[in-house]
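Okay, so here's the structure we're looking at.
Residue numbers (the working numbering): 884 to 1099.
Structure representation (structure tokens):
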């Protein structure tokens, strides 16, 4: 079972890398053109982050069940994968800042990180806003997990960490309507599989919470 899960994880990451590389210019061209290279890295970090967020969701929601069958190492893997996913999440908008700078010669991190809109002038800005909200929510969830042993968060960090469910769907919408890679075959089938599984996990979690409250 461990080997199967590792193979699925590796295959998903390789597929994400292949989707980006197969629709990009040759490596020699990317190296010669800074903007193209930055755009390539922006796409790659985004798709890998989305993939790892999915596995974080699956492993986290089934942690008690999986630890009994796979061992305690899974928790360490989950934490390590989460750290790597967050690095990718941070790098993705950073590359977007650099890409915009290459196009406009203006360095504007505020647009990328804080330019939220409720009534956006363009439809695509709604989905950029989804990405911005997801970034700050996942940052909050990461900080909560990091400080889970503190007196202030000892009893509430799990609730904040549950924001990752919302983060995943915000990122999914952001990726589909802003990005260019998740809608490409064969990843589009994987994309909808991820979203469907995540939706089932959310429904199962809601039922479990309702059941626990009734028992209390």
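By construction, the Cβ of each residue, glycine as well, lies at the ideal position given by its N, Cα and C atoms.
Task: Spatial distance of residue 932 from residue 975 (CA atoms) - done: Start at 1 with the first residue of the chain shown, and residue 932 comes out as number 49. Start at 1 with the first residue of the chain shown, and residue 975 comes out as number 92. When rounded, the distance between both Cα atoms is 8 Å.
TODO: Can you check the segment 989-1028 for any beta strand (DSSP E) of at least 3 residues that lies completely inside it and give the ranges in chain order?
DONE: As far as the segment 989-1028 is concerned, it has no whole beta strand (DSSP E) run of at least 3 residues.
Task: Exposure label - residue 1047; buried when at least 16 CB within 10 Å - done: Along the chain shown, read from residue 1 onward, the residue named residue 1047 stands at position 164. The residue is buried, with at least 16 neighbouring Cβ atoms inside 10 Å.
Open item on the list: Quick check on this structure: which residue in 1071, 1044, 1089 and 1052 has the alpha carbon closest to the alpha carbon of residue 965?
Closed with: Within the chain shown, numbered from 1, the residue matching residue 965 stands at position 82. Nearest of 1071, 1044, 1089 and 1052 to residue 965, Cα basis: 1044.
Task: Three-state secondary structure assigned by DSSP to residue 914 - done: Along the chain shown, one-based indexing puts residue 914 at 31. Annotated three-state conformation of residue 914 is helix, per DSSP.
Open item on the list: Is the beta carbon of residue 1018 closer than 8 Å to that of residue 940?
Closed with: As a working note, residue 940 is residue 57 in the chain shown. As a working note, residue 1018 is residue 135 in the chain shown. No, Cβ-Cβ distance for residue 940 and residue 1018 is not below 8 Å.
Open item on the list: Do residue 1055 and residue 1073 have their beta-carbon atoms positioned less than 8 Å apart in this structure?
Closed with: By one-based count along the chain shown, residue 1073 stands at place 190. By one-based count along the chain shown, residue 1055 stands at place 172. No; because the gap between Cβ atoms is not below 8 Å, this pair is not in contact.
TODO: Would you kindly work out how many angstroms separate the C-alpha atoms of residue 927 and residue 1062, rounded to a whole number?
DONE: Indexing the chain shown from 1 puts residue 927 at position 44. Indexing the chain shown from 1 puts residue 1062 at position 179. For residue 927 and residue 1062, the distance between alpha carbons rounds to 11 Å.
Open item on the list: Give me the residue from 1086, 952 and 1070 with the minimum Cα distance to residue 904.
Closed with: Taking the chain shown and counting its residues from 1, the one referred to as residue 904 is at position 21. Among 1086, 952 and 1070, the Cα nearest to that of residue 904 is on 1070.
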